[in-house]
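A.B. asks: A single structure is presented below for examination.
Number of protein chains: 2
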Amino acid sequence: MTHRAAPEHTHPDKVPLITALDALGDPVRLQLVRELAASREWTRSCGSFDVPVRKAALSHHFSVLRAAGLVEQRDDGPKRVNRLRREEFDERFPGLLALVLRGD
Amino acid sequence: MTHRAAPEHTHPDKVPLITALDALGDPVRLQLVRELAASREWTRSCGSFDVPVRKAALSHHFSVLRAAGLVEQRDDGPKRVNRLRREEFDERFPGLLALVLRGD
DNA sequence: GGGAGTGTACGACCCGCATCGAACAGTCGG
DNA sequence: CCGACTGTTCGATGCGGGTCGTACACTCCC
Numbered sequence: 005m006t007h008r009a010a011p012e013h014t015h016p017d018k019v020p021l022i023t024a025l026d027a028l029g030d031p032v033r034l035q036l037v038r039e040l041a042a043s044r045e046w047t048r049s050c051g052s053f054d055v056p057v058r059k060a061a062l063s064h065h066f067s068v069l070r071a072a073g074l075v076e077q078r079d080d081g082p083k084r085v086n087r088l089r090r091e092e093f094d095e096r097f098p099g100l101l102a103l104v105l106r107g108d
Numbered sequence: 005m006t007h008r009a010a011p012e013h014t015h016p017d018k019v020p021l022i023t024a025l026d027a028l029g030d031p032v033r034l035q036l037v038r039e040l041a042a043s044r045e046w047t048r049s050c051g052s053f054d055v056p057v058r059k060a061a062l063s064h065h066f067s068v069l070r071a072a073g074l075v076e077q078r079d080d081g082p083k084r085v086n087r088l089r090r091e092e093f094d095e096r097f098p099g100l101l102a103l104v105l106r107g108d
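Chains as they are written, first to last, in the numbering used here: chain A, 5 to 108; chain B, 5 to 108.
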């Protein structure tokens, strides 16, 4: 046994607007979302992102992104791979994700 | 003479996305924007908003909103009246304001 | 001119958050 | 079974942002 505890997710439907704005209002998390959006689903492990923070902080940021309904995670061997919740999040906050990914 | 110094404004065009998200990611400022959106332009003075902070903090929040290109201010006698920059801001960040004003 | 009203500037305080290092848990491959 | 790798958790730290009180500037009206 000894399964790893599944990460706690929050569906975008239950996310207050201010939580979403707050989650996206951080440079590191914004970068994570953008980089994740540019990758195929379930291909990026947490440590594979180009952000200037150590893994402890990184783990924290992913926790915030999960709580904001932006990211879904799944265990894949020793790694934890990620997926951007495009459709669900966009249905809850139409256009917000598009705005974030619109570069500039 | 002794004109009052005109408040410093930033046009939405020059506002980075993260600045806008950060400005809207605060409960007090979110309330200010919403309340302002529900009023006719140039009718609300800074002190006329129903927020649980004193005027020093209030002044700070309006400074942030100006810097984010969300609010325009004009001196009207002893008061300083406000206007939500709907069109300009929406052109810069399409849909974001709508999202904020969509209540829920 | 004086007083009331409005908003800004300044300094101080404080709480929260982002960060880190280290220790731990789980997984896989040799 | 042991070591390398990945990510979480914990406690500690530092700093930035939100808040306040006070003092100040400006405007209007009496």
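Here a beta-carbon is modelled for each residue, glycine too, at the ideal position from N, C-alpha and C.
Could you spell out where the beta strand (DSSP E) holding residue 59 of chain B opens and where it closes?
C.D. replies: Locating residue 59 of chain B in the second sequence gives position 55, counting from the first residue. Note, residue 59 of chain B: premise wrong, no beta strand (DSSP E); alpha helix (DSSP H) at 59 to 71.
A.B. asks: Taking all protein chains shown into account, do 16 or more other C-beta atoms lie within 10 angstroms of the C-beta of residue 26 of chain B, making it buried, or fewer, making it exposed?
C.D. replies: The sequence position of residue 26 of chain B within the second sequence is 22, counting from 1. It is buried - the Cβ of residue 26 of chain B has at least 16 other Cβ atoms within 10 Å.
A.B. asks: Measuring only between beta-carbons, confirm whether residue 98 of chain B sits less than 8 Å from chain A.
C.D. replies: As a working mapping, residue 98 of chain B is identified with position 94 in the second sequence. Interface residue, yes.
A.B. asks: Quick one: which chain A residues come within Cβ less than 8 Å of residue 31 of chain B?
C.D. replies: As a first step, residue 31 of chain B is located in the second sequence; it is residue number 27 there, counting from the start. Going along chain A in sequence order, the residues near residue 31 of chain B (Cβ under 8 Å) are 22.
A.B. asks: Just list the residues that DSSP pairs residue 77 of chain A with in beta bridges.
C.D. replies: Counting from one through the first sequence, the residue named residue 77 of chain A turns up at place 73. Partner(s): A:86.
A.B. asks: Tell me the residue span of the alpha helix (DSSP H) that contains residue 26 of chain B.
C.D. replies: Indexing the second sequence from 1 puts residue 26 of chain B at position 22. Here the alpha helix (DSSP H) through residue 26 of chain B covers 21 to 28.
A.B. asks: Report the CB separation of residue 183 of chain B from residue 94 of chain B in whole angstroms; it is logged as a contact under 8 Å.
C.D. replies: A query on residue 183 of chain B cannot be resolved here, the shown segment of chain B reaching from 5 to 108 and no further.
A.B. asks: For residue 33 of chain B, name the three-state secondary structure that DSSP assigns.
C.D. replies: In the second sequence, counting from the first residue as 1, residue 33 of chain B sits at position 29. Three-state DSSP puts residue 33 of chain B in a helix.
A.B. asks: On the DSSP bridge assignment, give the partners of residue 8 of chain B in chain order.
C.D. replies: Locating residue 8 of chain B in the second sequence gives position 4, counting from the first residue. Looking at the DSSP assignment, residue 8 of chain B forms no beta bridge with any residue, so it has no partner.
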